[in-house]
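Step one of this worksheet: look at the structure below.
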Amino acid sequence: MAQTMTAAQAAGHGRAAPGIRLLGWIILALMAAFLINNVLNVGYGTPVLTAALGDMSQAGAIVPIGIYAVCLGIAIAFVLATGSTVLRTDGQRLHRFNLYFIRACFWAVLFVGIADATIAQLRVENLLPMFFSEETTRAMGRSAWVGPYIHMPLVALGFVVALFTRTLGFTWLTLMIVVAELLIVFLRFVFSYEQALMGDLVRYWYAALFLFASAYTLFDEGHVRVDVFYAGFTQRKRGAVNAVGSLFLGITTCAVILVIGLNGKTAIINSPVSNFEITQTGSVGMFIKYQMAAFLAVFAISMIIQFVSYLFEAVADYREEPGHRDHQPIAH
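The opening residue of the sequence shown carries number 703 in the numbering used here; numbering runs sequentially from there.
So this is what it looks like as structure tokens:
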């Protein structure tokens, strides 16, 4: 397990690097502007940046331009205002934010999974009328109602709980997956009872576990690396390789995922999320397919943040600055 450094420990380790810091924060600013513009485009019809630049006379064209200008301005102003901040401090700052973001997402899917599975079970067994009015029972059969009125408050609760916890939630989610799998096997082979929602719940949590944990795995050097040459590199050479890889392979790949997945209302992420899409099992399954599409965006966002943090750390390693984190070798 890597030994992380606090911001206080990292402060003062190395020389100021305004150029690489500016590059990293501009990447994050562009991502933030793209996400904000995407929400406005899908929800309110605001044009995207490329359309606005192509026809400045169209209604709302100034909005995306203003969004990008503000985000870039904030990033540049932040770097200029914190000119003495060293790379490892920025890297740790981004990593801590990413830990909160991932932790919040884990708690959110835990809460949503339990709640939606419970509702689906009551709906399948026609038990909802025993606890709710006829109108509410009908509403709970529509994903367009369950999504905003049940799922979204639970997602918000996950972000609140994440403020007061320090664990990432891997343990809880992994435990719940094991419990769900055991319950499925027990009910299927002992009582010959099976419902579509059981498979939906396991797939939902599995998808969250692997996609959300990817960024933390990157921080802890846990991803598989073809290291025939890398293993023999010096710290300086490893820093150069990691910096180039983060910038031209990692960040660009995740950016492609976001651009393709959020490219208009009919894109592969935007479409299911905006329509609260469900699986073909319909009302007998869980209403969480749209969230599984959103997991791709969460994966790309968290990875871009972590890759920028990794970029800062890699450049600091290349410059042979103090504060390098040693990683325990991981056997693959």
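Even for Gly, the Cβ is constructed at its ideal location relative to N, Cα and C.
Cutting at 6 angstroms between CB atoms, please list the residues of its own chain near residue 774, excluding the five before and the five after it. 731
Going straight from the alpha carbon of residue 864 to that of residue 758, what length do you get? 42 angstroms
Can you give me the C-alpha to C-alpha distance between residue 912 and residue 1003, rounded to a whole angstrom? 14 angstroms
DSSP puts residue 917 in a beta bridge; with which residues? DSSP, once it has assigned bridges, lists no residue as partnering residue 917.
For the candidate residues 822, 936, 829, whose alpha-carbon lies nearest to that of residue 897? 822
Using beta-carbon positions only, say whether residue 777 and residue 728 come within less than 7 angstroms of one another. yes
Looking at the secondary structure, which residues open and close the alpha helix (DSSP H) in which residue 876 lies? 872–892
Comparing alpha-carbon positions, which option in 1001, 1017, 1022, 764 lies nearest residue 800? 1001
Between which residues of its own chain and residue 972 is the CB-CB distance below 6 angstroms, once the five residues before and five after are set aside? 744, 964
Enumerate in chain order the residues of its own chain whose CB-to-CB distance from residue 906 is below 6 angstroms, with the five nearest sequence positions on each side excluded. 815, 990
Close beta carbons around residue 803, own chain, < 7 angstroms, minus the five adjacent residues each side: 1004
Would you mind giving the Cβ-Cβ distance between residue 808 and residue 875, rounded to the nearest angstrom? I have them listed as a contact below 8 angstroms. 6 angstroms
Give the secondary structure of residue 1022 by DSSP, where H, G and I count as helix, E and B as strand, and everything else as coil. coil
Rounded to whole angstroms, what is the Cα-Cα separation between residue 738 and residue 954? 19 angstroms
Distance check for residue 872 and residue 899, CA to CA, integer angstroms please. 22 angstroms
Give the C-beta separation of residue 856 and residue 813 to the nearest angstrom, bearing in mind that I take them to be a contact with Cβ-Cβ under 8 angstroms. 4 angstroms
Report, in whole angstroms, the separation of the C-beta atoms of residue 789 and residue 723, which I expect to be a contact under 8 angstroms. 7 angstroms
From residue 818 to residue 884, what does the alpha carbon distance come to, in whole angstroms? 19 angstroms
Distance check for residue 763 and residue 849, CA to CA, integer angstroms please. 31 angstroms
Classify residue 1032 as helix, strand or coil using the three-state DSSP reduction. Its pLDDT being 49, under 50, residue 1032 is placed unreliably by the model, and nothing is read from it.
Alpha helix (DSSP H) containing residue 897: first to last residue? No alpha helix (DSSP H) holds residue 897; DSSP gives it neither H nor E.
What do you reckon, are the CB atoms on residue 910 and residue 811 nearer than 7 angstroms? yes
Counterpart residues of residue 788 in DSSP-defined beta bridges: 718
Indicate the three-state DSSP secondary structure (helix, strand or coil) for residue 1016 in the structure shown. helix
With DSSP as the reference, label residue 823 as helix, strand or coil. helix
CB-CB under 6 angstroms to residue 846, same chain, minus the five flanking residues each way: which ones, in chain order? 978
Would you identify the three-state DSSP class for residue 944, choosing helix, strand or coil? helix
Looking at the structure shown, is residue 969 part of a helix, part of a strand, or coil, going by DSSP? coil
The alpha helix (DSSP H) that contains residue 764, what's its start and end? 764–783
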